[in-house]
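Read the structure below first, then the notes.
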Amino acid sequence: MAFPILLLHLTFFTFNVFSSHSHSHADRIISLPGQPHNIAFQQFSGYITVDNKNHKSLFYYFAESETDPSSKPLVLWLNGGPGCSSLGVGAFSENGPFRPNGEFLVKNEHSWNKEANMLYLETPIGVGFSYAKGSSAYTTTVNDEETARDNLVFLERWFDKFPQYRNRDLFLTGESYAGHYVPQLAKLMIERNKRNNVFNLKGIALGNPVLEYATDFNSRAEFFWSHGLISDSTYNMFTRVCNYSRYVSEYNRDSVSSVCSNVMGLVSKETSRFVDKYDVTLDVCISSVLSQSKVISPQPQQANEMVDVCVDDKVTNYLNRRDVQEALHAKLVGVRKWDVCSNVLDYDVLNLEVPTLPILGSLIRAGIKILIYSGDQDSVIPLTGSRTLVQKLARQIGLNTTVPYRVWFERQQVGGWTQVYGNILSFATVRGAAHEAPFSQPERSLVLFKSFLEGTPLPEVF
Ligand SMILES: *[C@@H]1O[C@H](CO)[C@@H](O)[C@H](O)[C@H]1NC(C)=O
Ligand SMILES: *[C@@H]1O[C@H](CO)[C@@H](O)[C@H](O)[C@H]1NC(C)=O
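Numbering-wise, the sequence shown is residues -19 to -1, 1 to 443 according to mature numbering (1 follows the signal peptide of the UniProt record, and there is no 0).
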């Protein structure tokens, strides 16, 4: 019964490939195992070598727009970590066209490729299917600078494979530690463009990003406290005795003081590991929390029907299937399996402390529009820290408020709040959303994404 459908499928793809994609033939995905049958957009994936000498190759997945790809912008999406996969987290759990569920891929009705041609990059090397060859491949420490350089080379060479996208409006987007990756890459692009115009960069959007780690991390205490995750006395300790930025800074230098150790012990005990810090209102995936250590557990709860809190496990199973890897043209080099976040990457954790807010300032001066958005249930990079930083940036570079703080709508409900400065710098929350906003609020996130790309105000009424 499946045979004629498959045939139809192949015919369709063949037609499209010769009409517009003769250069990228080798990377075309014929069909992902378990994908729905009526898929009318093209998918590509494969490797771009970014360093011939050290055999460094970055893996990408590219989903063309569902409609009219030749007139839609090109959007790069990067997840953070550092070391987490834009393929597994971004594409298959957040804003990509499909989400795995057992043997099958389920269509995401709010995929960002409804509005754009979406390019997902696993970066740096050692993340997901991206690799380096040779004995010293994963033993040297990778930092922000090297990552940005490799990402730049990736894009330059990716355009050689997809020349029809070279002059397309380009947007960089990402989340969390991509608050480092994206501005740093954008900065290199602007510099590169001074020699000759290579990148048609229009804007960047960052979700729950790390922009200035002390402000970002220290907003955690108040978030925990105001959501009832810690007691009054622990809140006092977490702000006055040892705040979170101090703890992380000590931790990353292998020198955690006994005061900080005590305070963090209290915080961890009260917040409990059965709460998802990336969305304090979501249930946790019991099987994966328990697999992290063997402790007696409470009874498993019924997961929220709308949000699949076990998506990570499903993605990991799916991307480790041999047939899936073959369909993706992916291989595992120097690692045993594909992981959501890398086990082999040695990243310079002190780069966390490098502020990227000043880079955002220079991008605005270069005319690049910026959106900082926050899933408002995230305690890891809470909205209050991001909002403070956007305000600070606006003040520093002399941008006045052009849209005062107000609600925005998605259908008949409030999608979140927004404020705009100088018609170029925007802040928006996504109501009820996680650190991975498009994962738990896909519909609201898509409205936000569309308005960002089109440069139109978020809906003010319904
Ligand atoms: C966090 O702690 C450090 C070290 O004690 C201190 O310098 C800093 O001002 C504190 N930050 C906040 C926001 O309390
Ligand atoms: C911002 O507002 C201040 C006070 O109203 C005004 O003096 C200034 O010219 C404005 N700046 C811009 C860039 O519009």
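Backbone N, C-alpha and C define an ideal beta-carbon position, used for all residues, glycine too. As the structure is a computational prediction, the values presented were derived from the model and not from experiment.
Grouping DSSP H, G and I as helix and E and B as strand, with all else coil, what is residue i?
{"i": "Leu374", "result": "helix"}
{"i": "Cys241", "result": "helix"}
{"i": "Val288", "result": "coil"}
{"i": "Ala415", "result": "coil"}
{"i": "Leu344", "result": "helix"}
{"i": "Ala202", "result": "helix"}
{"i": "Leu326", "result": "coil"}
{"i": "Pro63", "result": "coil"}
{"i": "Glu424", "result": "helix"}
{"i": "Gln306", "result": "helix"}
{"i": "Ser249", "result": "helix"}
{"i": "Glu435", "result": "helix"}
{"i": "Ala311", "result": "coil"}
{"i": "Val442", "result": "coil"}
{"i": "Gln23", "result": "coil"}
{"i": "Asn98", "result": "strand"}
{"i": "Ala7", "result": "helix"}
Nearer than 7 Å: is that true of the beta carbon of residue i relative to any heavy atom of ligand 1?
{"i": "residue 456", "result": "The chain is shown only over -19 to 443; residue 456 falls outside these bounds and no answer can be derived."}
{"i": "Asn199", "result": "yes"}
{"i": "Ala195", "result": "yes"}
{"i": "Asn224", "result": "yes"}
{"i": "Thr220", "result": "yes"}
Residue i: beta carbon under 7 Å from a heavy atom of ligand 2?
{"i": "Asn404", "result": "no"}
Cutting at 6 Å between CB atoms, please list the residues of its own chain near residue i, excluding the five before and the five after it.
{"i": "Ser432", "result": "Leu439"}
{"i": "Leu210", "result": "Thr252"}
{"i": "Ala195", "result": "Ser226"}
{"i": "Gly436", "result": "none"}
{"i": "Lys168", "result": "Ile340"}
Excluding five sequence neighbours on each side, which residues of the same chain lie with their C-beta closer than 8 Å to the C-beta of residue i?
{"i": "Ser3", "result": "Residue confidence is low: Ser3 scores 45 on pLDDT, short of 50, so the model does not pin down where it sits. Its coordinate-derived value is still stated next. Closer than 8 Å at Cβ, skipping near neighbours: no residue."}
{"i": "Asn298", "result": "Pro81"}
{"i": "Asp131", "result": "Val31, Asp32, Lys37, Leu39, Thr104, Pro105, Ile106"}
So, for residue i: in the same chain, excluding its five sequence neighbours on each side, which residues have a beta-carbon less than 7 Å away from its beta-carbon?
{"i": "Ser268", "result": "Cys291, Asp294"}
{"i": "Ala159", "result": "Leu59, Asn60, Gly61, Leu187, Pro190"}
{"i": "Asp359", "result": "Asn189, Tyr259, Asp260, Ala415, His416"}
Query raised in the report: Contact between the stretch 159 to 176 and the stretch 86 to 94: three or more CB pairs below 8 Å?
Result: no
Query raised in the report: Taking a cut-off of 6 Å, which residues have a beta-carbon closer than that to any heavy atom of ligand 2, in chain order?
Result: Gly379, Asn381
Query raised in the report: Counting pairs of Cβ atoms below 8 Å between the stretch 348 to 366 and the stretch 187 to 206, do you hit three or more?
Result: yes
Query raised in the report: Would you call the stretch 74 to 85 and the stretch 177 to 187 touching, i.e. three or more CB-CB distances under 8 Å?
Result: no
Requested in this report: Evaluate contact between the stretch 306 to 323 and the stretch 113 to 122, counting only Cβ atoms and requiring at least three cross-stretch pairs below 8 Å.
Outcome: yes
Query raised in the report: Pairing CB atoms from the stretch 324 to 331 with CB atoms from the stretch 160 to 170, are three or more of them under 8 Å?
Result: no
Query raised in the report: So, do the stretch 392 to 404 and the stretch 412 to 429 have three or more beta carbon pairs nearer to each other than 8 Å?
Result: yes
Report task. Decide if the stretch 373 to 387 is in contact with the stretch 400 to 420; the criterion is three or more beta carbon pairs, one per stretch, under 8 Å apart. Result -> yes
Query raised in the report: Does the stretch 104 to 113 come close enough to the stretch 145 to 155 to have 3 or more Cβ pairs within less than 8 Å?
Result: no
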